[in-house]
Amino acid sequence: MEMPMPVHVTQLEAKPRQRKQEEEEEEEEYIPPDSSEEDEDMEFGEVGVAVSRGGERREGRRREEEGGRLGLEQGGRTLNEPVIPNNLLRIRPYRFRYSKRAWKHVVTTGLKGLMIESPESRKPPCSRIRIITWNIDMSSKFHEARLRAALRHIEIDVLKSQHSDMPPEPCVIMLQEVRDDMLPVLLADEWVRRWFIVAPTRKDKWPEGAWYGTVTLVSRSLSIAECHMLHFGLSTMHRSALCVKVRMTNPSGDGDGQGGGPVVVAFVNTHLESLVEGSMARPRQLEVCARFLKLKGVQGGVVCGDMNAITPDDTKLAKEMGLKDAWTRGDDVEDGHTWGYQGQNDEGHPTNRLDKVLYLPGTGYKVEEPKIIGRGVTIREGAWISDHYGLETTLHLFKSRSNSA
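Per our numbering, the very first residue in the sequence shown carries number 738; after that it's consecutive.
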């Protein structure tokens, strides 16, 4: 593939916007019982998951689970070694409150929805969500400038948000390799403050010892049911999966003009183990990511991010986990490759399709084939925004005979 000419992106800050008077009014910060970070133990698929209580792991639960086994068949191998327990945190998403000049936690409705009248219960129905996933490169220099440029590229070139007072269409933006010192830059961005809910906002929600991790931005027009961070037990690189469950509206209805009933769709943002050395960890990590899409009360969803698919066995993982790849043209088609063109490849490794959009098929929606974003885009200093291309796609709920929410 011929390298494109670099596209220069200036580091323009999003202009401050005037907020309407009604938006300045303080909203009720009702926190239902299921949003507490001090969860009870919960089963996560076939293998129990150690759940954090106040940040402290339960060693008794850990010892009990270390005897568990996955028993997955992967490319002729049986992954039946003792399971190192994953650590599941229920985390709070945050939105910026202009009246407080601070980020404040928002209501999560739970899988069954709120039983009280609230701003969340009054949000408009949504059956279509844009999805963006992008590894924004934690190791190259100018990381703050690159993050700002990535946000402007998404805002202007991808979502076409040309008017400052117009919200972007409903979307979920999943970022990987966000450095801890990038978080203040992200949270200070006026476009992010104006239009998005963010999770997490602090690095202490990432695995212990991690100085970079995943962050998800959700349009404020959307209602969040639950938000969890899963620290992979089998990871030497402090990797994790961030699951945001969003309430959508099935377009099948009874002629009332309001569409069908509500459904909950999971959006999982992940960064799987890197390098050839991580080939035994990646199947297990993707398997637990897929479980989020199969939980009771969830109508499927997507797993997006940097899958580090570098071995022949990696190409089979999605199918083995019951997932479908939204890219349908195969790994040999160079138009789908997302890494190897823009830095971080001094050793001349072959270009590859490391970044993917995977989804649970047959659950009342379709996911469009993803398109490349961030190709050839640089900052003022001449550096690429990232060594990865990003991907953008759209999930559509479609009319079905029944509602599985």
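Think of the CB as a built atom: it goes at the ideal place given N, C-alpha and C, for glycine as much as any other residue.
Candidates the options, of which the one nearest residue i by Cα
i            : options                  : result
residue 926  : 1114, 1121, 1058 and 839 : 839
residue 1102 : 879, 957, 1075 and 988   : 988
residue 885  : 918, 904, 970 and 1034   : 918
residue 1035 : 1001, 934, 1108 and 981  : 1001
residue 1130 : 1057, 903 and 870        : 870
residue 1070 : 1088, 1060 and 938       : 1088
residue 1099 : 1060, 903, 890 and 889   : 1060
residue 1015 : 1094, 974, 978 and 938   : 974
residue 911  : 951, 881 and 900         : 951
residue 841  : 1081, 1112 and 937       : 937
residue 928  : 915, 897, 916 and 892    : 892
residue 963  : 913, 848, 1132 and 1108  : 848
residue 1091 : 1028, 1074, 867 and 998  : 1074
residue 881  : 902, 1050 and 924        : 924
residue 935  : 1106, 1107, 1097 and 834 : 834
residue 1114 : 861, 1080 and 846        : 1080
residue 876  : 1068, 1112, 850 and 1082 : 1082
residue 1094 : 1050, 1049 and 1003      : 1003
Environment of residue i [buried if 16+ CB atoms lie within 10 Å]
i            : result
residue 793  : With a pLDDT of only 34 at residue 793, under the threshold of 50, the placement of this residue in the model should not be trusted; the figure read from the coordinates follows. By the 10 Å Cβ count, residue 793 comes out exposed.
residue 1076 : buried
residue 1121 : buried
residue 1013 : exposed
residue 859  : exposed
residue 1086 : exposed
residue 1134 : buried
residue 914  : buried
residue 942  : buried
residue 846  : buried
residue 999  : buried
residue 905  : buried
Residue i and residue j closer than 7 Å at C-beta
i            : j            : result
residue 1040 : residue 1005 : yes
residue 908  : residue 986  : no
residue 825  : residue 1008 : no
residue 1104 : residue 1063 : yes
residue 959  : residue 933  : no
residue 1038 : residue 1030 : yes
residue 1072 : residue 872  : no
residue 874  : residue 1124 : yes
residue 1157 : residue 823  : Here the chain comprises residues numbered 738 to 1142, so residue 1157 is not present and cannot be evaluated.
residue 843  : residue 827  : no
residue 976  : residue 949  : no
Between the CA atoms of residue j and residue i - distance to the nearest angstrom
i            : j            : result
residue 1119 : residue 879  : 10 Å
residue 1018 : residue 1047 : 13 Å
residue 1011 : residue 1045 : 6 Å
residue 829  : residue 980  : 12 Å
residue 957  : residue 921  : 19 Å
residue 762  : residue 836  : Note that residue 762 has pLDDT 38, beneath the 50 cutoff, so the model's placement of it is unreliable and the number below is only indicative. Roughly 7 Å between the two C-alpha positions.
residue 1116 : residue 883  : 6 Å
residue 817  : residue 931  : With a pLDDT of only 41 at residue 817, under 50, the local geometry of the prediction cannot be trusted, and the value read off the model is given with reservation. Straight-line Cα distance between these residues: approximately 48 Å.
residue 947  : residue 1020 : 21 Å
residue 1127 : residue 1078 : 13 Å
residue 961  : residue 1084 : 43 Å
residue 1027 : residue 903  : 35 Å
residue 890  : residue 940  : 25 Å
residue 757  : residue 1107 : A caution first: residue 757 carries a pLDDT of 46, below 50, which makes its placement in the model unreliable, though a value can still be read off. Distance between the alpha carbons of residue 757 and residue 1107 is about 36 Å.
residue 867  : residue 972  : 30 Å
residue 969  : residue 896  : 32 Å
residue 1136 : residue 944  : 40 Å
residue 850  : residue 861  : 14 Å
residue 899  : residue 1068 : 35 Å
residue 1110 : residue 1065 : 18 Å
residue 1053 : residue 978  : 20 Å
residue 1112 : residue 1057 : 31 Å
residue 1132 : residue 1096 : 10 Å
residue 901  : residue 865  : 22 Å
residue 887  : residue 1051 : 28 Å
residue 1025 : residue 1049 : 21 Å
Could you tell me which whole beta strand (DSSP E) segments of length 3 or greater appear in the region 1082-1120?
1092-1096, 1102-1104 and 1108-1110
Every unbroken alpha helix (DSSP H) within the region 1016-1084, with a cutoff of 4 residues, ordered by chain
1018-1029 and 1054-1057
Only counting runs of 4 or more residues, tell me where the alpha helix (DSSP H) segments fall wholly within the region 857-937, in order along the chain.
880-889, 920-925 and 927-932
Which ranges does the beta strand (DSSP E) cover as unbroken runs of at least 3 residues, wholly within the region 948-1003, from first to last along the chain?
949-956, 960-968 and 977-986
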